[in-house]
Amino acid sequence: MAPRPRKAGSKDLPPNLYRKKDSRNGVTYYSYRNPSTGKVYGLGTDKEAAIAQAVAGNHSMFAKPALAERMERPAKRAFSKWLAEYGRIIEEREIEDNTKRNLRMRIKRLDAEFGKHDINAVTTIMIADYLGAMVKAGKAQMSRAMRSLLRDVFMEAIAAGWTAANPVEVTKAARIKVKRERLTLEMWRAIHARAGTAWLKRAMELALITGQRRDDIASMLFKDEQEGYLHVIQRKTKQRLRLSTSIGLQCIGLDLACVIKLCRDNVVSKHLVHHARTISKAKAGSPIMLDTISKKFAEARDAAVAAGEIVVSGNPPTFHEMRSLAARLHAAEGRDAQALLGHKSAKMTDLYKDSRGAEWIDVA
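Right under this line is the structure:
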């Protein structure tokens, strides 16, 4: 569409510059109209100055930047696009499906927070503010998890040539004060007695004797017992363990071979811990869902509390606390807790062996 012809009084002016004479005082005023936004800017009464400013404005509006400037200016790369690329990298990693699911949700949160920015415009202070807000909201654990994810996101971006620096490196991870109460042997016995199903008793016995995580307990198969050993490939770390079925705990009077034998019942199943009868969608012989294990353990624990058999704090022990109790009990009976738990460092095992003041220390 052709531009509207200019008035005769404005033909000596550059495009987008206009004059208007005030009838009250006879003074001529100049103004510039931005053709893109329609916004008008007053330029005073000096015609030559107004013309110079209008010419400069038109130049900045329409002129292409010099080649050198265009070469020096980094191309814009939306952080949102890189997060999509990073998502594909995550899918190719050999990690658990549940872990991938959690990462996808966290990546969406990062996209909502930083996705609109250029990847090179995401600064340390932006990240520090984001993580700090989580800590203030009482979500220190989530802050640490998101920092770890962001750090990896930028490391992969550097490797792919999307950016040259990692703004997360200099941020500090949130300090976490562990609140969950440790499980004691007395608590374990009371909860075990309150377990409403045989499979929960077996799960608790396996957890205490083997020291393995909930995921690994639920995944144990009868075929994994070979030549006097139970073979375990830890789902979280991929650590490969061969646990002698002669391993046991004197304090509960059970060994691994005995517990595996107790896992066999009248139902055909390949899983050590399984449903003994069909319940809703869960068929007899099928494995127990992880959430169900945690829920039923909590119910047995709460029943023991209600009966006055044990006393817990506002952060009662969960199923996972049996891993810590196993480390302490096996160490007390002279076994290598680090090897049993599959830890690569003694420092990590020491954290599990720390009772956090839940147990008495005997002094001879």
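Our numbering numbers the first residue of the sequence shown as -15 and each following residue consecutively.
Glycine residues also receive a C-beta, built at the ideal position from the N, C-alpha and C atoms.
- request: Give a yes or no on whether the C-beta atoms belonging to I193 and A310 are separated by under 9 angstroms.
  value: yes
**Prompt:** Which residues in the same chain have their Cβ closer than 7 angstroms to the Cβ of R57, if we skip the five residues on either side of it in sequence?
**Reply:** Reliability of the predicted coordinates at R57 is poor, the pLDDT of 49 falling under 50, and the value obtained from them is presented with this limitation in mind. So the list is empty, once near-sequence residues are dropped.
Three-state secondary structure assigned by DSSP to Q210: Note: Q210 maps to strand in three-state DSSP.
Review point. If you follow the beta strand (DSSP E) that L1 is part of, which residue opens it and which one closes it?
Key: L1 to K5
inquiry  = Just verifying my parser: in three-state terms, what is the DSSP assignment at T108?
reply    = helix
Compare the beta carbon distance of I103 and A62 with 9 angstroms and say whether it is the shorter of the two.
It is a contact, given that the beta carbons lie within the stated cut-off.
Taking M204 as the reference, give the member of A282, R248, G318 and V106 with the closest Cα.
Selected option, being the one with the closest Cα: R248.
Check whether the region 292 to 303 touches the region 164 to 177, taking contact to mean three or more Cβ pairs, one atom from each stretch, closer than 8 angstroms. yes
Original post:
Is it true that the region 249 to 263 meets the region 232 to 241, where meeting means three or more beta-carbon pairs spaced less than 8 angstroms apart?
Top reply: no
Nearest candidate by alpha-carbon position, reference R197, set S297, T221, W183 and Q210:
T221
ask   = Going along the chain, which residues of its own chain have a beta-carbon closer than 6 angstroms to the beta-carbon of A241, five neighbours each way excluded?
value = T229
If distances are taken between C-alpha atoms only, which option among H259, Q223, M188 and R285 comes closest to M273?
H259
Straight-line CA distance for Q322 to E97?
Rounded to whole angstroms, the gap between the alpha carbons of Q322 and E97 is 40 angstroms.
Checklist entry - Got a sec, what are the start and stop residues for the beta strand (DSSP E) T12 sits in? => result Its beta strand (DSSP E) spans residues T12 to R17.
Quick one: Cα of V39 to Cα of S132, how far? 52 angstroms
- Hey, would you say F206 sits closer than 9 angstroms to I244, going by beta carbons? Taking 9 angstroms as the Cβ cut-off, F206 and I244 qualify as a contacting pair.
Could you tell me which residues DSSP puts in a beta bridge with D102? Paired residue(s): A62.
Could you check the C-alpha separation between R173 and A266 for me, to the nearest Å?
So the two alpha carbons sit approximately 28 angstroms from each other.
Discussion item. If distances are taken between C-alpha atoms only, which option among V137, M89, T12 and K123 comes closest to K65?
Written reply: V137
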